[in-house]
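Here's the structure, in structure tokens; my notes come after.
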Amino acid sequence: MVDLESEVPPLPPRYRFRDLLLGDQGWQNDDRVQVEFYMNENTFKERLKLFFIKNQRSSLRIRLFNFSLKLLSCLLYIIRVLLENPSQGNEWSHIFWVNRSLPLWGLQVSVALISLFETILLGYLSYKGNIWEQILRIPFILEIINAVPFIISFWFVFQIFWPSLRNLFVPVFLNCWLAKHALENMINDLHRAIQRTQSAMFNQVLILISTLLCLIFTCICGIQHLERIGKKLNLFDSLYFCIVTFSTVGFGDVTPETWSSKLFVVAMICVALVVLPIQFEQLAYLWMERQKSGGNYSRHRAQTEKHVVLCVSSLKIDLLMDFLNEFYAHPRLQDYYVVILCPTEMDVQVRRVLQIPMWSQRVIYLQGSALKDQDLLRAKMDDAEACFILSSRCEVDRTSSDHQTILRAWAVKDFAPNCPLYVQILKPENKFHIKFADHVVCEEEFKYAMLALNCICPATSTLITLLVHTSRGQEGQQSPEQWQKMYGRCSGNEVYHIVLEESTFFAEYEGKSFTYASFHAHKKFGVCLIGVRREDNKNILLNPGPRYIMNSTDICFYINITKEENSAFKNQDQQKKSNVSRSFYHGPSRLPVHSIIASMGTVAIDLQDTSCRSASGPTLSLPTEGSKEIRRPSIAPVLEVADTSSIQTCDLLSDQSEDETTPDEEISSNLEYAKGYPPYSPYIGSSPTFCHLLHEKVPFCCLRLDKSCQHNYYEDAKAYGFKNKLIIVAAETAGNGLYNFIVPLRAYYRPKKELNPIVLLLDNPPDMHFLDAICWFPMVYYMVGSIDNLDDLLRCGVTFAANMVVVDKESTMSAEEDYMADAKTIVNVQTLFRLFSSLSIITELTHPANMRFMQFRAKDCYSLALSKLEKKERERGSNLAFMFRLPFAAGRVFSISMLDTLLYQSFVKDYMISITRLLLGLDTTPGSGFLCSMKITEDDLWIRTYARLYQKLCSSTGDVPIGIYRTESQKLTTSESQISISVEEWEDTKDSKEQGHHRSNHRNSTSSDQSDHPLLRRKSMQWARRLSRKGPKHSDEMNDHQSTLSYILINPSPDTRIELNDVVYLIRPDPLAYLPNSDPSRRNSICNVTGQDAREETQL
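Be aware that the sequence shown starts at 80, since it is given in our numbering, and climbs by one per residue.
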């Protein structure tokens, strides 16, 4: 009976008692894998390097221990001298043999063993292929002289029984020089560990003092020992003699007697005359010589070490720190040198930073010009791994700055043809001059495209900025705010790549569809697969859709905390029963057991809604009513191979979305749009984009919003009666980059009924070439005015606008005080923020540090807390200390300098610029998806978790979510001075009647002066007076921007719960990829929309 019971197999893990209490949660998560990152640092040698050399704090402890050992050995020498009884006689044996007690000898032998072992270990870790370089170093030779005799005496005493050998004299006092060397290294590690800016002058003075002390101590011990056969001087007499001699006083009462001691004194004086002037010369060099030319970069170092060259016209501290922090954030770039080639003299702040030991050993500043071959030779440009050429964006004439950049690029290409070039350009029309460069970032292209997407996909600028910054996601982890922990952790996600057959993440999905691989990789590993590239094709495809079949040689691009090569994998059943996402959510956000069972416990496929979804906001429909009575809602599984019938494809090239719109009496609504490529491009090099276009171009007079013409009689935005809210762009001039603001908003995949009218509020009138380019786009207008004029704002329709984009003006980018360049923009935006509370304002600033003044509230305790958090993150060495500012987290402020890291990061990730351009819509590749967003409504809350949302989107529409834009209510305190008033509520019927009467009288006027608009001026004065009378009782009339906080979660964990009003970032497949191959004539007919008078000219 006992045998029969023993043969009964145990219950499977699913039916254990623990699972009866917890449900099937453990069984459901069996396929989950825990990922451990940065496993490349776990080899034995790498761990030793990390502990002894790379890690600042542990290396500092090692240096301190080594310094203490050397001081201890010197102290033991002094103790031996003090305990020794001077013997009579003048035999030379007293020079070679001393009286040393057994305990003292044992201590000295122990110290020698430890010191020699540490020296050999550090030599092994720093070995780079040349053993003689390690052996012939002076510190190593001194270590051998001081340690080896003790070790030999130890071996002789215990093996050959020669006890007297322990009395052999060893010049242990020479360890003071090793202590000086350890002190220098310790000071360098100390500066690296505490991350503080210390002057190199302090280091040099410390080295000078330690050198002087070492000279005196060596002279004292040497004189005392050599006089053992002479006057038998003690240590105090030797000290007295050395001080008198080195001070050049020379009383003569104590003098050396033997010839050996006299010779030693002569030698020490010669050494002092050589060493001390060198130290003083180095001090003078720090003050005078280094700040001038910077010397030359060694040819030997250029051949043995790797370096990159940074060419700039003027070097500012912010630019330098952004480059160094981003460049050295990558582990494999730690051994690189950075050579800065700049024609101007080093700035005071830059000089102070480059004298920090952390940077002084790796950054070399050379004053010179990239147009001179001599200076390029000094920088060893032909041996450089890369050359970064940056434009000066703070100059008034940005075109001139681009011309200088182009000449530098040509000069470098002529001198070093094989050196990879990374060029930053400002104006898009200058791009084609540097097409030969390996990587090019055009500032205005990226800026305007990002600002445009901010209007339809909120906080796109913040999303892209976080993706192109290198971070480990450690920001905000010590904050008590839960949203800051989640936001900081998710900000560590970056884009990486790997070949599919070499990947643990994606190798098992070979032969399966892209959406299947993306969903299951996120479910299993928490990584977000966003794109692929064929081995034989250089084009990257973002979310090519469910019809794309993964190949073993495909290069996969994914978003994760770190790359797969630095990760380790552990099965779910090997770790403890703890959910990683609980560190992000507590309490209500934890999923109950029945919700988890409902989300994964059924495989039934519900009938999906096959209706065409909106291109900007898909709906996640519930199952039918009949199915809800039987079971909980379930989601269709993601198919391994795409089934056309199961995918909700919507032909965005058809007019289905427009059929639902009712006829309108306005002229703008009666226009019919076509889809095709714009016939005119404002500059050479712009990528052709499929857009909504008009069949006939609009006359230039009709593009002017505030002027009537023979075609219409409208003089302001209200008269047009637009159905959708406006998007207003306030810029100084209509540059060619502004064209990239219009194109993403008129892309073919945007439904016609959701197109927002675009109003360009320009300080200066646009030229004809720009009007030629925009006259084919529907609902694009311009007017001449400024945001600091309330009349201009009202005429352009600020009260009917959904978004207002304020572009930084070129004329204000340079100021006597650098950070004052944004002063006018900030004050104007603050005025708009007070007057128009419901208006969403997106602002571009020159300096990211000034974003703390956006939506400024002086007495807001929460803003003060965020300011303290920013300072703490900066002290911890964070490159994204500004990320917790509410305007940046919500995507309402942006600085183009934040995208400088995109060019720096492309040195390690050469695909980042291409992926960013695809996300922003600057480039269009056939079969590649585009970035859009959808908003979570009450009807979508049945999805519950991000994992189920991922599955729903992949199985129904083929979309791939990459993040969440979340808005939470926040009680923000305000003062009496922080009053927000809505201008719309003060409009009265009287003014509207007067406006109708005044319009007929004003049509004949052609002047643009403010005196021609008495009605607007009167209304402006009325609103100003009413605003001044507004009391504290209205302080609760704050808009959503003031009472809420918004932030981005990039690639959140699968268990993250979705909330109401969440905006999900999606990469949607290309609708053109679903067109039937049997109807090629349809694609061709769509593109033929050019006018009869289309011209082939383009502005250069």
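C-beta: ideal position from N, C-alpha, C; glycine also.
Query                                                                                                                                   : Result
Cα-Cα separation between valine 177 and leucine 399, rounded to whole angstroms                                                         : 58 angstroms
Close beta carbons around leucine 433, own chain, < 7 angstroms, minus the five adjacent residues each side                             : Ser439, Val442 and Tyr444
Coarse secondary structure for asparagine 882, derived from DSSP in three states                                                        : strand
Leucine 150 versus cysteine 255 - alpha carbon distance                                                                                 : 7 angstroms
Residues bridged to asparagine 645 (per DSSP)                                                                                           : Paired residues: none, contrary to the question.
Closest by C-alpha distance to isoleucine 866, when choosing among Val859, Tyr637, Lys832 and Thr910                                    : Thr910
Those runs of the beta strand (DSSP E) which lie wholly inside the segment 353-411 and span at least 3 residues                         : 386-390
Residues bridged to arginine 501 (per DSSP)                                                                                             : For the record, residue 501 in the displayed sequence is tyrosine; it is not arginine. According to DSSP, tyrosine 501 bridges with Phe467 and His518.
Whole-angstrom distance between tyrosine 818 and proline 767, CA atom to CA atom                                                        : 12 angstroms
Among Leu621, Leu352, Asn313 and Ser340, the one whose alpha carbon lies nearest that of serine 326                                     : Leu352
Inter-residue spacing [alpha-carbon to alpha-carbon] between serine 470 and lysine 124                                                  : 42 angstroms
For cysteine 780, the first and last residue of its enclosing alpha helix (DSSP H)                                                      : 779-782
Cβ neighbour criterion (16 or more within 10 Å) applied to methionine 962                                                               : buried
Spatially closest choice to isoleucine 577 from Leu486, Ile535 and Cys635, by CA coordinates                                            : Cys635
For methionine 460 and valine 388, the rounded distance between their alpha carbons                                                     : 7 angstroms
Leucine 139 versus leucine 257: straight-line alpha-carbon distance, rounded                                                            : 16 angstroms
Neighbourhood of isoleucine 920 by C-beta distance below 7 angstroms, restricted to the same chain and skipping five residues each side : Met883, Val885, Val908, Leu911, Phe912 and Arg971
Threonine 1016 versus glutamine 1030: straight-line alpha-carbon distance, rounded                                                      : 18 angstroms
Endpoints, beta strand (DSSP E) assigned at leucine 924                                                                                 : 919-924
Given isoleucine 1183 as reference, the closest of Cys569, Cys607, Gly624 and Glu524 once Cα atoms are compared                         : Given a span of 80 to 1179 for the chain in the structure shown, any question on residue 1183 remains unanswerable.
Collapsed DSSP secondary structure at lysine 754 in the structure displayed                                                             : strand
Nearest neighbour of isoleucine 612, chosen from Arg1023, Asn1140, Arg1027 and Thr1004 [CA to CA]                                       : According to the sequence shown, residue 612 is arginine rather than isoleucine. If we check each option's Cα against that of arginine 612, Thr1004 comes out closest.
Same chain only: Cβ atoms within 8 angstroms of glutamine 283, ignoring 5 sequence neighbours per side                                  : Gln358, Gln361, Leu362 and Leu365
For isoleucine 1146, the first and last residue of its enclosing beta strand (DSSP E)                                                   : 1142-1147
Beta-ladder partner(s) of isoleucine 1127, from DSSP                                                                                    : Tyr1044
Member of Ser392, Trp562, Glu719 and Asp1141 whose CA lies at the smallest distance from the CA of phenylalanine 598                    : Glu719
Residues bridged to glutamine 446 (per DSSP)                                                                                            : Cys421
Opening and closing residue of the beta strand (DSSP E) in which leucine 1010 lies                                                      : 1009-1014
Residue nearest to threonine 541 in terms of C-alpha spacing, selected from Arg142, Thr922, Thr1024 and Glu115                          : Thr922
Where phenylalanine 248 falls: helix, strand or coil (DSSP)                                                                             : coil
Beta-carbon proximity check, glycine 1000 vs proline 823, cutoff 8 angstroms                                                            : yes
Contact set for glycine 605: own chain, Cβ-Cβ below 7 angstroms, skip 5 residues either direction                                       : Val114, Ser1132 and Pro1133
Beta-carbon proximity check, histidine 518 vs isoleucine 992, cutoff 8 angstroms                                                        : yes
Backbone secondary structure at aspartate 949 - three-state DSSP                                                                        : Residue identity check: residue 949 is glutamate in the sequence provided, not aspartate. Helix at glutamate 949.
Nearest to phenylalanine 116 (by Cα), restricted to the options Val227, Val251, Gly571 and Asp939                                       : Gly571
According to DSSP, residues forming a beta bridge with isoleucine 577                                                                   : Cys635
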